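Remarks on the structure that follows.
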Amino acid sequence: LCVCDLSVTLDMSQSAVSHQLALLKQARLVASRRDGKVIFYRLDDDHVHAITQMARVHLEEVRTF
-13 LCVCDLSVTL DMSQSAVSHQ LALLKQARLV ASRRDGKVIF YRLDDDHVHA ITQMARVHLE
47 EVRTF
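Per the numbering used here, the sequence shown starts with residue -13, numbered consecutively.
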């Protein structure tokens, strides 16, 4: 997704999302590609995707208590 789409989805400013994405990119959790003036971000690899899925499942379990 691009920063503009992420900011709408997360209800955050574009600058706040950009800042967080820079930190995630530095930690090699997300990767980016440029298409003209727009930069698109994605999870860096399948391991990161698996970890986020496990965290999501865990959070759902915690909410049921």
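Don't be surprised by glycine CBs; every beta carbon is placed ideally from N, CA and C.
For clarity, every value in this text was computed on a predicted model and none was experimentally measured.
Counting along the chain, no alpha helix (DSSP H) covers Asp21; the unbroken beta strand (DSSP E) around it starts and ends at 16 to 21. Annotation for Val16: Leu7, Leu10, Tyr27, Arg28, Leu29, Asp30 place their beta carbon closer than 7 Å to its own, counting only its chain and skipping 5 residues before and after. For Leu7, the enclosing alpha helix (DSSP H) covers residues 0 to 12. Under the criterion of beta carbons closer than 8 Å, Val24 and Cys(-12) qualify as touching, at roughly 5 Å.
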